[in-house]
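J.: This is the structure I want to talk about, given as structure tokens.
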Amino acid sequence: MNIMRASPSQLFEYGPFTIRRMRPGEIDAARGDSAFGPLAIIDHMQMESGARIAMHQHLNDEILHYVWRGSMVHEDDRGERTPLSAKKAMLISAGRGVWHEESAPLVETEMLQVFIRPEAAGGEGRTQFMTRPEGAVDGQWTLLAGPEGDAAPLTLRQQVRAWDIRLMAQSSVSAPYRAGLAQWLYVAEGSVTVGGERLSKGDAISNGLQALPLIEARRDAILLCFQVDLAASATLAGQISGQ
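Numbering (UniProt numbering), first residue to last: 1 to 243.
Quick look at the structure:
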């Protein structure tokens, strides 16, 4: 198994923002791999109350916004404002261009921004939202995003699927698995054990194309699992994911 530990070297601060940037492909660096297919970057962000990122443009990247603590407000270039929280996730398919502003006007916020390289550059920019009254489900994986035809709430322009779960302490679960796809499991909150390896907040684990061992929660945890086609075609034109 390949484990990526949360490390101070991944952190950078910009005013009221703290970001830990992880590149999933670095898990396999010892084997000479430089990328985890189209799953390019995971930004674990903490935003202080009052933080704001002014209106800016994204190009080509597929960007999943996943909040589990606090609330982040997305505002588009038409002035429409949408609060994101544990009950509402967002996917930006930037294509030829999407403009937006991000802020945390009320409370400190913790979230992920997941950058995925799309299959091809271009296409109409679009923003999708997924709403669920209770947030992550206790003990049950929920499909958040997937490729066209998967009937996922959020449609990705790539062969990647994103799932989440809330796992209570002393309970266990298997990660979503599909033959031919690699799993990349991220601990957003809490602590778990996978195959005898203890993983804490900010850690990640993968096992190539083999299924991960049973996940056991040591403390209440929020987990995300990405199923990735490592051989999928992907453009390098992404403004962030292509770098």
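Glycine included, each C-beta is placed from N, C-alpha and C at the ideal position.
1. Check whether the Cβ atoms of LEU223 and ASP164 lie closer than 8 angstroms to each other.
2. Would you call the CB atoms of ARG218 and ALA169 closer than 8 angstroms?
3. Quick check on PRO8: does DSSP put it in helix, strand or coil?
4. Have a look at ASN207, SER71 and ILE53 and flag the residue whose alpha-carbon is nearest the alpha-carbon of ALA179.
5. Hey, is the stretch 146-156 in contact with the stretch 106-115, meaning 3+ C-beta pairs nearer than 8 angstroms?
6. Measure the CB-CB distance between ALA40 and ILE116 and report whether it falls below 8 angstroms.
7. Tell me which residue opens and which closes the beta strand (DSSP E) that residue 247 is part of.
8. Within the continuous beta strand (DSSP E) that includes LYS88, where are the two ends?
9. Report yes or no: do the stretch 66-84 and the stretch 94-104 share at least 3 C-beta pairs separated by less than 8 angstroms?
10. On a CA-only basis, which of MET55, GLY79 and LEU144 is nearest ALA86? Give me that one, please.
11. When you compare only the Cα positions, how much space is there between GLN57 and GLN239?
12. Taking only three categories from DSSP, how would you classify GLU26?
13. Just the Cα atoms here: how many angstroms apart are VAL173 and GLN183?
14. Figure out for me which residue from ALA234, MET90, ILE3 and ILE42 has the closest Cα to the Cα of ILE19.
15. Compare the C-alpha of ARG161 against each of GLY123, VAL114 and SER200 and name the closest.
16. Which residue from VAL67, GLY135 and MET130 puts its Cα closest to that of PRO153?
17. Skipping 5 residues on each side, what residues in its chain have a beta carbon closer than 8 angstroms to that of ALA231?
18. If we require 3 or more residues per run, which beta strand (DSSP E) segments fall completely within the UniProt domain "Pirin N-terminal" (45-114)?
19. Could you name the residues of the same chain whose beta carbon sits closer than 7 angstroms to that of ARG132, not counting the 5 residues immediately before and after it, in chain order?
20. If you draw a straight line from the C-alpha of VAL126 to the C-alpha of ARG69, how long is it?
21. Would you identify the three-state DSSP class for ALA121, choosing helix, strand or coil?
T.: Considering the structure as presented:
1. A contact, by the Cβ cut-off of 8 angstroms.
2. yes
3. In the structure shown, PRO8 sits in a helix (DSSP, three-state: H, G or I).
4. Among ASN207, SER71 and ILE53, the Cα nearest to that of ALA179 is on ASN207.
5. The stretch 146-156 is not in contact with the stretch 106-115.
6. Yes, Cβ-Cβ distance for ALA40 and ILE116 is below 8 angstroms.
7. Absent from the structure is residue 247, since the part of the chain shown begins at 1 and ends at 243.
8. 88-93
9. yes
10. When only C-alpha atoms are compared, the closest one is LEU144.
11. If you draw a straight line from the Cα of GLN57 to the Cα of GLN239, it comes to about 9 angstroms.
12. helix
13. 14 angstroms
14. ILE42
15. VAL114
16. It is MET130 whose Cα lies nearest to the Cα of PRO153.
17. GLY37
18. Qualifying beta strand (DSSP E) stretches, in chain order: 51-58, 62-69, 72-76, 81-84, 88-93 and 98-104.
19. LYS87
20. Residue 126 is actually Arg in this sequence, not Val. Cα-Cα distance, rounded: 25 angstroms.
21. coil
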